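S.K.: I'd like to ask you about the structure that follows.
In the numbering used here, the protein residues as written are 281 to 459.
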């Protein structure tokens, strides 16, 4: 059961990583198009410039869940790398339950009123020619931290299974083991 949940979480998170990679490609195309137009044809677009930071925000917001799955997040590897797999798993579990999950829930709960208000007032860009529907990008904040919680579920399960596994030098237990 736990392995199945972990696999579902990991597959979902892998898809998010693919979406983040595609968004990065779209960001590069957008920046190239905007810069080429601005410097060679003297045409510029506030909407294209705003789209750059919208897309980059999405790369970060969706990529953070993938970074957790791939353990690409920041930590003090100087100490962590010297620990046993079980000790690392315990540190990961404590970090997830004491910091990651509470922070994600706090951000989700705190950002929903922010999104609702942007939708309610019909918030648009303050710049002429900027993007409309500003609530859409803001809505990705709670959505992406929900995605992070899905990735965290797989991360927690993976580390729980490592932490609960018997040490490699432990005697076998169970029927027929003589213990």
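For glycine and all other residues, C-beta sits at the position ideal for the given N, C-alpha and C.
These numbers come from a predicted model, not from an experiment.
By how many angstroms is the C-alpha of residue 435 removed from the C-alpha of residue 287?
M.R.: The residue labelled residue 287 in the question sits at position 7 within the chain shown. The residue labelled residue 435 in the question sits at position 155 within the chain shown. About 10 Å.
S.K.: Just the Cα atoms here: how many angstroms apart are residue 404 and residue 325?
M.R.: The residue labelled residue 404 in the question sits at position 124 within the chain shown. The residue labelled residue 325 in the question sits at position 45 within the chain shown. Across the structure, residue 404 and residue 325 are spaced so that their CA atoms are roughly 16 Å apart.
S.K.: By the three-class DSSP mapping on this structure, what secondary structure does residue 431 have?
M.R.: For the purposes of this step, residue 431 is taken as the residue at position 151 of the chain shown. In this structure, DSSP gives residue 431 a helical state, which the three-state scheme calls helix.
S.K.: What is the C-beta distance between residue 411 and residue 331, in whole angstroms, given that I count them as a contact (C-beta under 8 Å)?
M.R.: Working through the chain shown from its first residue, we reach residue 411 at position 131. Working through the chain shown from its first residue, we reach residue 331 at position 51. With 8 Å as the limit, residue 411 and residue 331 qualify as a contact, their Cβ atoms being about 7 Å apart.
S.K.: Sort 381, 352 and 333 by Cα distance to residue 414 and report the nearest one.
M.R.: Residue mapping note: residue 414 aligns to position 134 of the chain shown, counting from 1. It is 333 whose Cα lies nearest to the Cα of residue 414.
S.K.: If we ignore side chains and look at the alpha-carbon of each, how far apart do residue 347 and residue 353 end up?
M.R.: Translated into positions along the chain shown, residue 347 becomes position 67. Translated into positions along the chain shown, residue 353 becomes position 73. Residue 347 and residue 353: Cα-Cα distance of roughly 6 Å.
S.K.: So, is residue 307 buried or exposed, given that buried needs 16 or more other C-beta atoms within 10 angstroms?
M.R.: Here residue 307 refers to the residue found at position 27 of the chain shown. Buried, because 16 or more other Cβ atoms sit within 10 Å of the Cβ of residue 307.
S.K.: Which stretch, first to last residue, makes up the alpha helix (DSSP H) that contains residue 365?
M.R.: Counted from its first residue, the chain shown places residue 365 at position 85. Per DSSP, residue 365 belongs to the alpha helix (DSSP H) from 365-375.
S.K.: Using the beta-carbon count (16 or more within 10 Å), is residue 309 buried or exposed?
M.R.: Translated into positions along the chain shown, residue 309 becomes position 29. The residue is exposed, with fewer than 16 neighbouring Cβ atoms inside 10 Å.
S.K.: Are the beta-carbon atoms belonging to residue 409 and residue 327 less than 8 Å from one another?
M.R.: Taking the first residue of the chain shown as position 1, residue 409 is located at position 129. Taking the first residue of the chain shown as position 1, residue 327 is located at position 47. Residue 327 is positioned such that its CB atom lies closer than 8 Å to that of residue 409.
S.K.: Once DSSP output is grouped into helix, strand and coil, what is the label at residue 334?
M.R.: Within the chain shown, the letter at position 54 stands for residue 334. Residue 334: helix per DSSP, three-state reduction.
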